[in-house]
Each structure stands twice: as C-alpha cells, then as structure tokens.
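Everything in the sequence shown is counted per the numbering used here, starting at 30 for the first residue and increasing by one. By construction, the Cβ of each residue, glycine as well, lies at the ideal position given by its N, Cα and C atoms. Everything on this sheet refers to the single structure shown next.
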Amino acid sequence: MSKVELIAATAFGLEAVAARELTALGYEPRILSTGRVLFESDIGAVARANLWLRTADRVLLRLREFACTDFDVLFETVQSMEWERWIDADFAFPVNGRSVKSGLSSVPAIQRTVKKAIVERLMRAHRTATLPETGTRVIVEVGLLEDVCTLTIDTSGVGLHKRGYRDHVGEAAMKETLAAGLVLLSVWNPERALVDPFCGSGTIPIEAAMIGMNMAPGRTRDFDSAHWPQVPQEAWDRADEEAADVAKNKLPVTIHASDISEDAIALARRHAAAAGVERSIHFSRRDFAELSSKAEYGCTIANPPYGVRLGQTPEVEELYRSMPNVLRRMPTWSHHILTAYPNFERVVGQEATRRRKLFNAQIECTYYTFLGPRPDAGVLSRGKSEDDDALNAPEFAERPAARQAPSFGGLRDRDIRELDDFESRLAKRARHLRRWPERGIHCYRLYERDCPDVPVTIDRYEDHAHIFEYEREHSRTVAQHGEWCEEVSKRVARVLELPLENVHMKDRPRQRGLTQHERKGEEGVEIVVREGGLKFLVNLTDYADTGLFLDHRITRGMVRDLAGGKRVLNLFCYTGSFTVYAAAGGASATTSVDLSNTYLDWSKKNLTLNGFPTSPHRLVRADVLEFVRNHEPGVHYDLAVIDPPTFSNSKRTEEDFEVQAAHVELISRTAALMPAGGTIFFSNNFRQFKLDEEALTGLGLQVREISRQTVPEDFRNERIHRCWRLVVGERVSAGGGGRGRE
30 MSKVELIAAT AFGLEAVAAR ELTALGYEPR ILSTGRVLFE SDIGAVARAN
80 LWLRTADRVL LRLREFACTD FDVLFETVQS MEWERWIDAD FAFPVNGRSV
130 KSGLSSVPAI QRTVKKAIVE RLMRAHRTAT LPETGTRVIV EVGLLEDVCT
180 LTIDTSGVGL HKRGYRDHVG EAAMKETLAA GLVLLSVWNP ERALVDPFCG
230 SGTIPIEAAM IGMNMAPGRT RDFDSAHWPQ VPQEAWDRAD EEAADVAKNK
280 LPVTIHASDI SEDAIALARR HAAAAGVERS IHFSRRDFAE LSSKAEYGCT
330 IANPPYGVRL GQTPEVEELY RSMPNVLRRM PTWSHHILTA YPNFERVVGQ
380 EATRRRKLFN AQIECTYYTF LGPRPDAGVL SRGKSEDDDA LNAPEFAERP
430 AARQAPSFGG LRDRDIRELD DFESRLAKRA RHLRRWPERG IHCYRLYERD
480 CPDVPVTIDR YEDHAHIFEY EREHSRTVAQ HGEWCEEVSK RVARVLELPL
530 ENVHMKDRPR QRGLTQHERK GEEGVEIVVR EGGLKFLVNL TDYADTGLFL
580 DHRITRGMVR DLAGGKRVLN LFCYTGSFTV YAAAGGASAT TSVDLSNTYL
630 DWSKKNLTLN GFPTSPHRLV RADVLEFVRN HEPGVHYDLA VIDPPTFSNS
680 KRTEEDFEVQ AAHVELISRT AALMPAGGTI FFSNNFRQFK LDEEALTGLG
730 LQVREISRQT VPEDFRNERI HRCWRLVVGE RVSAGGGGRG RE
C-alpha cells in the first residue's frame, strides 16, 4: 500500500482553495470536478489532510473508478474488489450513494446493490456467515456521474467543518469550512488588521485567527480513520507533533469582530475560548454604521444579512445602501462581502474587483471583493487598485499592474478641478455679500448652482450654512459621491470661515409628477435667526426646507407694510413667517391655517419668539380648501396670503391638492371672504404653473403679477417663485361652484 489516491471533497467554489492548501502541505493536487480535488500520497497523508484541511468537507480514499451502465456490472465489479483490506469482519460499513446524469438513477437500488456485493465479498474473505457491524465505522460512498462509477471510503467520518469549538449553531450560522474559505480567498494576512462587522457566533474571526496562528483545525477532534489499523498510529502521532511544532501562541495584530446583538457577541466569545484563540480576537457590540479603524491596509470580511433566509425587510436594503459611505471611511482597506442579496453591486453603486459564486448552506451567494491600494503604495485620487497578497493567488494572477485608489470613495482629478472652480466662485459671492448683515440681512442666498458641475444652493443663516444638492447625472460611484459631498461641505466651511459642524448638507431629488419631498432626518439642529428685525426658528437638518423661505423676504415686507389695522388670513401658513410679519405690521387679528400640527406648533413658537400673544392670532388646523369652502359666516378678512405647495396629499383629507387644478377655486373662495379693495398675495414655485387670469378677472378680481419685484437680488434664479397681487373688486363670486358675494 505504497500509494493511495485521496479526494478532498469541498463545497462548490472552494476547489481551488483546497488545492492550494494541499500544495502547501507538499502534495500535487488536481481538480477533478465540482467539489472534488484529487491527490496521491502514502497512507500518512490521511492523517495530515484530515488534521490540516480547512476548506474540505471530508477526505475520501478512492478505491475504484469504472464505466457502469447496468446493475450487473455494478455488482460484479464491487464484489471483485478487496474490501477485506479496509473492512474487518465486525466493522460497520454503511453505504451512501448519489447519481447524476446516469442510466442507473435509483439511489436506493444502487446502495442496496453495492451493500450486497460488499457483504458477499467480506463473508467469503473473512470466512464467516455473519457480519455484525458493531465495530469501527467505514463509510462507503458510491457515486455515478454520467455512467462513470466512483467508489470511495470516507476517512473523516463526521464532516471536517465540525472543529469542536461551537456548542451552539444559530439560525443563519455559517459552516467553519466556508468561513475559512472566505478568509483564504481574501487578501488578509496575519500582519494586517482584520474586521468582521457582522460576526454573529464568531466563525469567520475564529477561523482567521486559527489560520493566522497556524493552528491545525482538526487537531482537537476525532476521525473514523484514526481507528483503522490500515492507518498506523505513528502517522497520527507525526501529524500531531507537526501541528504542535508550527502553531503560534498569538497573532501579531488583533482581529476585531463586532455585531449588533449582545447575545451573538457572548456566544462568539465562548466559541473563541473553546477554539483557544480568545487572546487574538477583540469582540464588541457595535452597529455597522459605527464601523471605523485607524489601521492602514486592513481587510473586512463580512457575511451580512441577506434578506433571504432571514426575511426581506426594508432594514436590510437600507443596510446595503449604507455600505459605500461606511466603508469609504477606510480608504486603504480591502473589503470582502458574501451575500445573496439581489443586485448587490447596483445597490452599493459600483462593480466589485472580483466576484465568486459560493453556497452558504443551500443559498446561492456571491463573494464580492473590493480591493484597496497595495500596502507598499500611497492612495491616489483615481484609478483601480490591487493588493500584494491578491497577486499571490491564481484568481488575481491575470490582473494588470495596479494603480492605487480606495476600494470605496476617492475624488477624481475632474472632481477636484470642478470643486476648485466652485470654491473660487463661492469666495467671490461671499465677498460681494459680506456687508449684508450690516444692512440687517442675516439670512440670504450665497450660491445657486452657479457652476453647473456643482449643482447646489447655499444659504447662509446667521453663522450656519445650509446646502441643498440637486439631483443631476454624474459618473461618481455612491461612495465617491459621498466623499464629494463632504468635500463640498469642507470648502464651504473654509470659505465662510465657519466650523464644519455649522455646515448642513441635504439632497433634493428632482420632484417627479405628483410627489412630495419627505422628511430628511432626526438630528434636530435648530437655531433662531433674524430677518427684518424679527426672529424665526429654523431647522437646518430635518426637513426639505428650513422653515423660512428666503425668496419671500421682500413679499413678507410687503405684507407687513399693508397689515396695519387689518384682519389677515394666512393660508398654507407653514411656519407662520407671514403671520409674524403681519403682526409686526400692526394687524388687528390674524388667522393662520394649515393641516400640519408640526407647522402650527412652529408658527406658535415664532409668534412667541417675537412677543406676540396668541389671542388675536388664531392658529387653525384644517384642510385649506375645506376651510374656505365652509368658512363661518360673518367673518371677513382685509388681507390674505396664499402660498400653496405644488402638490399635497394626506390621510386626513379625502382629496389630493394640486395647485394648477385648484387655484381658481382657492383664490375666488378666499376673495369671497373679503370686502371690496381687499388684497390677496398669491404665490407658488411650480415651474409649469399658469395662472388662469381670464377666469379670475371674470370673477371680479384685479390681477397683477409682481414676481420681478418680489424675488430678492441674492437669488440668481429669477423664477424661484411667481407671485401675484390680486385686489377684490365690487363684484366677486366664488369659483368652483360655491356661494359668493355679489
């Protein structure tokens, strides 16, 4: 028995990794097929392969391979083999089988035939009439693939993934062999930092620690072949001594592993202690959003939730969308992510450097590799990149010479040029408007998409800057764009000489059809600002707008000038800024109407900030159209402000509001509540809006557009809004079918 043929059986996709492991052990492997790696050696290789292989599921000893198209050939061939060399008279020998694309397709029939043939051979060879099968186990495997039969015996017994350190397996636990494969397919080495941000029960960091410490994964467990007389005890002793000699006590760099679940962390710590690697791994409870590291040229290896086995949830999608902006904080790192999430690369906004199909349990996954810069080179602002370790693996051997760039993020040369132009333009605008605070204007627009490649607006609110980025096609990845946004904020802070924390940036997606801008966040950065000698509360972080529309600065002044002694109606009052101006102008009473409790509370705060009591300033929570349709009789107004949204819907109303469709009824019903000579300021910012002047004139209203007079000079966009002044005539009727004053 000088030479034997052994097969390392692996999961799909790990054949090349197992072959490299065998090469490192001194053997010459050959990949036979999916999940099968053949190598030849003496019988001592059984012990070494079982002790050392990290990615193989089991080690099989191949006894025979032959063409087989019928049961007679199968029986005769099996019976002719020397089974007595491996199976003693009292050994147990269960038979496992499988058949793929073969004429013999019934696996139970194949197993019965092989079992019967072995029994007859053993009874004759051992000269016995009984085979009790009470002794040592020898598992026989028969596999047919395209009418070729392979007969093997399993030297491992229990699968090699059973290392012995896990006493509890969670719902989505990964096999140790796959975890080791992920580490060996990565560009990590023991001299580099490693983080697993979704460590669960700790399998990936534990396997990495065992690899880094050169610990044989099978040294603390048992194997079926350890009880076979054909594999001498000396072979096991030599393999064990070798493993003891080369093992290290600790890693040079501590592995970091985190998870959001405290229970998972406790379990991972227990498993690490059982594996003997607890001193090499630091476990912590941490949300993925908090991931960061000061180490250079490290690696992440992650097995995040897939949204498949654990359930498809919005939280999982949000997690994947957050990945680019989290991982770009580590610009010199390489990142490896195993997931079954569909369209992963589209969600993270860029293609991986490498991808490999693997199976986690029965779930088809892809292992994505995003390579960062090589450890011996700096990070440049553009281009693709490689890692020295990656070049040592056959998977990366064909890749071209490396250019250095972060795996996620980084600014391109063109981005830097465009940002330089933007900064120069912003500095000129800031110099031009530097004396505005001396004129009593503390909130104004500084920049309005002046440079087409930096499509943002920047408003100054006292010692804060509010930036809105407008949606525009660009070729940056999600992570690159996140870095671009940060750079915009930094340059704004530098030009305006503001602390970076006083610069607030949001995005404003293009409004498509009948949509509304949603709430942006929960940071709650509120400040009090001054305008026209008055005070207003603004929120710089949580909403699409701040609570004070700066383009209506002049219009608010017009309302104040006309409000003295008048009863003022403010429809769609928002945060009540027109109401505050009217009160400051001496209005005898104001009524502010909005459907939002948030805005009405905000309006109350603005009135209180300026010392106006609430008694003559009524705040009404109502749908505006219903308010003017069903207004209480006998109450009239002298001055009205109508500044409606383009579109609005609410669960509290039966119909959606569209300004184009509703404006005639809205204006005419408001005019019907006013005496002759009453004034209405009507404004909106819907670009396609067309005022039905003919209909309104026919209803007895004098109509004059005053848009040019109401847009402040700091707004480059002269169509930021359109505004009309309407005066009620002697004869006004309410449009939309309602009653009016004749």
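Taken atom to atom, the span from the alpha-carbon of Val-653 to that of Glu-684 is near 12 Å.
Taken atom to atom, the span from the alpha-carbon of Ser-128 to that of Ile-168 is near 17 Å. Counting only runs of 3 or more residues that sit fully inside the segment 248-329, the beta strand (DSSP E) segments are 284-288 and 310-314, in chain order. By the Cβ neighbour-count rule, Phe-373 is buried, with 16 or more other Cβ atoms within 10 Å of its own. Taken atom to atom, the span from the alpha-carbon of Val-107 to that of Glu-162 is near 19 Å. Between Phe-744 and Asp-580, the beta carbon gap of about 6 Å places them in contact (Cβ cut-off 8 Å). The beta-bridge partner set that DSSP reports for Gly-126 consists of Val-171. Arg-192 counts as buried, since no fewer than 16 other beta carbons sit within 10 angstroms of its beta carbon.
Between Val-148 and Leu-160, the gap from beta carbon to beta carbon is short of 8 Å. Per DSSP, the beta-bridge partners of Met-534 are Ile-496.
Around the beta-carbon of Gly-241, 16 or more other beta-carbon atoms lie within 10 Å, marking it buried.
In this chain, the beta strand (DSSP E) harbouring Lys-564 covers 563-568. CA-to-CA, the gap between Tyr-396 and Gly-438 works out to about 20 Å.
The Cβ-Cβ distance between Gly-511 and Asn-354 falls below 8 Å. The residue from Gly-401, Arg-195 and Ser-621 with its alpha-carbon nearest to that of Ser-215 is Gly-401. Annotated three-state conformation of Ala-238 is helix, per DSSP. In the same chain as Phe-68, and ignoring 5 residues on each side of it, the C-beta atoms closer than 6 Å to its own belong to Leu-35, Leu-51, Tyr-56 and Pro-58, in chain order.
The beta carbon of Glu-113 lies closer than 8 Å to those of Arg-150, Leu-151, Ala-154 and His-155 in the same chain, with the five residues before and after it left out.
Taking a contact to require three or more Cβ pairs closer than 8 Å, the segment 667-679 and the segment 592-609 qualify as touching. Taking C-beta atoms under 8 Å as the contact rule, Leu-348 and Pro-334 qualify, at a distance of about 7 Å. Rounded to whole angstroms, the separation of the alpha carbons of Thr-575 and Arg-520 is 22 Å. For the pair Ser-62 and Glu-271, the Cα-to-Cα distance works out to about 31 Å.
C-alpha of Gly-707 to C-alpha of Ile-696: approximately 12 Å in a straight line. Less than 8 Å divides the Cβ of Pro-226 from the Cβ of Thr-329.
As the crow flies, the alpha-carbon of Lys-457 is around 38 Å from that of Ile-709.
A direct Cα-to-Cα measurement between Gly-640 and Val-649 gives close to 20 Å. When rounded, the separation of the alpha-carbon atoms in Arg-65 and Leu-90 is 12 Å.
Ser-606: member of the alpha helix (DSSP H) spanning 606-613, first to last residue. Annotated as proximal: Phe-252 and Asn-79, with beta-carbon spacing under 8 Å. Its Cα nearest to that of Arg-585, the residue Ala-613 stands out among Thr-570, Pro-234 and Ala-613. In this structure, Thr-506 sits away from Gly-615, with a CB-CB distance that is not shorter than 8 Å. Residue pairing by DSSP puts Asp-623 in a beta bridge opposite Arg-650. Cβ atoms of Ser-621 and Cys-602 come within 8 Å of each other, at about 4 Å. Going by C-alpha positions, Leu-600 is about 7 Å away from Asp-623.
Taken through DSSP and simplified to helix, strand or coil, Ser-617 comes out as coil. Between the alpha carbons of Pro-645 and Gly-561 lies a distance of about 22 Å.
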